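Working notes, beginning with the structure itself.
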Amino acid sequence: MSYHLIDAVERLGCPRLLVVGDLILDRYVWGDAERISQEAPVILLHEQRQELRLGGAANVAQMVKGLDAEVTLLSIIGADEEGRQACRELERLDIDSGSVCIDPSRPTTLKTRYMGSAQYRHPHQMLRVDREVRNAIDSQLATRLLNQILPHLKDFQAILVSDYGKGLCTQELLEPLIAAARKAGIPVVVDPASHGKCAAYRGATSVTPNRLETTRATGVEVRTVEDAFVAGKKLCELMSLDYAFVTMDRDGIALVHNDGTSEHLPTRPREVCDITGAGDMVMAMIGVGLGAGLAPADLGRLANVAGGLEVEQIGVVAISREEILTDLMRTHRHAEGKILNVPALQRHVSARQKTGQKVVFTNGCFDLLHAGHVSYLTEAACEGQCLIVAINSDDSVRRLGKAPDRPIFDQEYRARMLAALEVVDYVVVFDEDTPHALLHALKPDVLVKGGTYSAEEIVGREVVLAYGGTVKPMGMVEGLSTTQIVRRLREQDATVLSLAAHTQAVTAPASAGHADRKAA
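With UniProt numbering applied, the sequence shown corresponds to residues 1 to 520, in that order.
Structural data, given as structure tokens:
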């Protein structure tokens with residue numbers, strides 16, 4: 001499945017998203033936990049540095065931007081220095097903050113986390129202090145926000161609602177926004193607040209609640225995947241959703257559609273350093289994928305990867321497409337996913353080269369896969385981090401004039417045999433007599449060829465050298481070639497047929513005499 005998801009990431013494009021929700025500013029105070037205070041039985045933190053980061057809906061917007069999408073934030077701040085700091089950070093990240101309004105009646109929400117390390121080892125969160133007001137915004141401010149964004153709704157491919165329960169995401173704001181988005185065919189995904197009240201989200205495309213949020217919204221305690229399926233169906237009914245993502249941390253995501261169909265999307269185990277921001281990263285990945293038109297199951301699978309990478313970080317960190325691609329390339333590779341057409345393979349090669357991988361290319365007929373092939377392919381794979389094997393189509397093999405009855409195995413069978421090898425990352429079939437067109441399209445870093453070829457004799461050498469690649473001949477196993485194996489098999493067949501004919505001639509009279517005696 002990782003091959004399919006690599007292709008999905010490469011097809012994300014650059015959608016434009018609207019993020020609606022509570023803007024939060026996160027302050028981190030880093031220090032060394034030196035000793036116990038003499039004033040009280042508490043740890044004394046020796047402050048070393050402070051750091052301000054965007055949080056809440058602003059963090060979702062930052063993560064969307066980190067995934068190479070365009071984003072506009074619709075939110076509110078207080079008339080204070082923290083609000084101004086948040087806007088400066090949004091501007092630095094090239095996030096459109098033109099729809100961030102000032103509400104003088106409340107402060108900008110600020111969460112201060114004290115991060116202590118003992119003897120300069122890995123830091124851990126010791127304490128969090130929140131400064132916030134949770135009152136719902138008034139109708140005048142809701143109208144002002146709607147007037148800011150509704151005339152420009154058609155500019156967005158998806159809308160994300162990040163409700164942290166700080167008072168912005170009222171029914172008065174969300175109901176007309178969701179209705180207008182539905183009418184315009186723009187999907188809306190909601191990360192609901194933890195209080196469990198969901199009337200304001202009715203009519204959205206999907207929601208992404210965790211176990212606790214799902215339990216509070218539906219009354220169904222989510223302990224198992226089956227529980228999540230039951231709760232997800234209820235979420236769809238309560239909010240008239242198209243589908244729901246119930247996020248279950250180490251158990252992955254349960255995807256439930258409004259027709260009752262459901263699917264468990266598992267995730268692989270991670271070393272959890274800090275869960276802060278994991279839900280925001282899941283939300284951002286789903287939003288960008290939705291804006292690019294990905295299917296719900298692929299949205300969930302990519303969200304698992306993005307969220308998993310997030311919990312491996314300390315604090316809130318935007319995960320990039322390159323990090324997601326690198327993670328996907330480390331996972332188990334299924335043979336059937338290795339056989340690609342040229343456009344798909346171009347996207348995969350681009351993805352691998354973006355992450356710094358060296359791509360190796362070789363080509364041939366590979367009619368009878370034998371130890372010689374395996375030896376040279378293993379050697380070729382050591383030249384980089386990704387090995388592409390291009391095989392001649394059946395028509396191409398015949399044009400090469402190998403023999404009237406070649407290839408022995410058709411191109412589909414040959415491709416499947418090669419894809420089953422662990423050292424092979426991709427297999428592609430080409431119909432031309434030479435690999436020149438493929439080399440121009442893929443631009444691999446290294447071109448290799450097994451057998452008795454010198455570097456100057458390798459077909460396609462001039463193409464690869466022209467764009468700065470390298471060309472290298474591989475070794476061969478003496479006495480092992482497809483032509484030699486086919487010749488020996490034919491010689492053995494001829495010998496067997498000759499012996500059979502001789503045996504039949506020798507035994508025929510005796511058999512006839514036996515038959516005559518039996519008849520008598």
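Think of the CB as a built atom: it goes at the ideal place given N, C-alpha and C, for glycine as much as any other residue. A quick note: this is a predicted structure, and the numbers were derived from the prediction, not measured.
Assigned exposure category for residue i - 16 Cβ within 10 Å defines buried
| i | result |
| --- | --- |
| residue 262 | buried |
| residue 252 | buried |
| residue 514 | Because residue 514 sits at a pLDDT of 45, beneath the cut-off of 50, its placement in the model cannot be relied upon, and the point is left open. |
| residue 154 | exposed |
| residue 401 | exposed |
| residue 118 | exposed |
| residue 469 | buried |
| residue 382 | exposed |
| residue 308 | buried |
| residue 461 | buried |
| residue 289 | buried |
| residue 268 | exposed |
| residue 157 | buried |
| residue 72 | buried |
| residue 422 | exposed |
| residue 213 | buried |
| residue 15 | buried |
| residue 399 | exposed |
| residue 34 | exposed |
Nearest-angstrom Cβ-Cβ length linking residue i and residue j, presumed shorter than 8 Å
| i | j | result |
| --- | --- | --- |
| residue 280 | residue 115 | Actually they are not in contact, since the Cβ atoms of residue 280 and residue 115 sit about 19 Å apart, beyond 8 Å. |
| residue 282 | residue 303 | 4 Å |
| residue 17 | residue 69 | 6 Å |
| residue 426 | residue 388 | 5 Å |
| residue 165 | residue 134 | 6 Å |
| residue 55 | residue 25 | 6 Å |
| residue 243 | residue 113 | The pair is not a contact, with the Cβ atoms about 34 Å apart (cut-off 8 Å). |
| residue 192 | residue 163 | 6 Å |
| residue 270 | residue 226 | Wrong, their Cβ atoms sit about 24 Å apart, outside the cutoff. |
| residue 149 | residue 97 | That belief does not hold up - the Cβ atoms of residue 149 and residue 97 are roughly 13 Å apart, past 8 Å. |
| residue 159 | residue 181 | 6 Å |
Counterpart residues of residue i in DSSP-defined beta bridges
| i | result |
| --- | --- |
| residue 47 | 31 |
| residue 430 | 392 |
| residue 114 | 29, 127 |
| residue 473 | 449 |
| residue 250 | Per DSSP, none; premise fails for residue 250. |
| residue 264 | 254 |
| residue 362 | 389 |
| residue 36 | 43 |
| residue 101 | 76 |
| residue 20 | 74, 161 |
| residue 108 | Answer is none; residue 108 lacks a bridge partner. |
| residue 375 | DSSP, once it has assigned bridges, lists no residue as partnering residue 375. |
| residue 149 | For residue 149, which the question treats as bridged, DSSP gives no partner whatsoever. |
| residue 339 | 427 |
As assigned by DSSP and simplified to three states, the class of residue i
| i | result |
| --- | --- |
| residue 191 | strand |
| residue 324 | helix |
| residue 69 | coil |
| residue 417 | helix |
| residue 224 | coil |
| residue 318 | coil |
| residue 55 | strand |
| residue 295 | coil |
| residue 173 | helix |
| residue 356 | coil |
| residue 245 | strand |
| residue 259 | coil |
| residue 424 | coil |
| residue 454 | coil |
| residue 240 | coil |
| residue 94 | coil |
| residue 207 | strand |
| residue 382 | coil |
| residue 581 | Outside the displayed span of the chain (1 to 520) sits residue 581, for which this structure offers no information. |
| residue 201 | helix |
| residue 182 | helix |
| residue 64 | helix |
Check: residue i C-beta below 7 Å from any heavy atom of the ligand MN
| i | result |
| --- | --- |
| residue 178 | With respect to the ligand MN, the structure shown offers nothing to examine, as it has no ligands at all. |
Inset, instruction - Would you check if there are 3 or more beta carbon pairs closer than 8 Å linking the stretch 181–196 to the stretch 39–56? - result: no
Legend entry - Three CB pairs or more closer than 8 Å across the stretch 117–129 and the stretch 65–77: no
Inset, instruction - Kindly confirm or deny that the stretch 1–11 and the stretch 289–308 touch, where touching means at least three C-beta pairs closer than 8 Å. - result: yes
Inset, instruction - Report yes or no: do the stretch 155–175 and the stretch 18–31 share at least 3 C-beta pairs separated by less than 8 Å? - result: yes
Inset, instruction - State whether the stretch 233–244 contacts the stretch 198–215, with contact taken as three or more CB pairs (one from each stretch) at a distance under 8 Å. - result: In short, these stretches touch, since the Cβ pair count reaches three.
Inset, instruction - Inspect the CB distances between the stretch 358–374 and the stretch 448–460 and report whether three or more fall short of 8 Å. - result: yes
Legend entry - the stretch 74–94 / the stretch 332–352 touching (three or more Cβ pairs under 8 Å): Verdict: no, contact absent.
Inset, instruction - Count the C-beta pairs between the stretch 449–458 and the stretch 413–432 that are closer than 8 Å, then say yes if the count reaches three, no if not. - result: no
Inset, instruction - Answer yes if the stretch 366–386 comes into contact with the stretch 413–422, meaning at least three C-beta pairs across the two stretches below 8 Å, and no otherwise. - result: Yes, the stretch 413–422 is in contact with the stretch 366–386.
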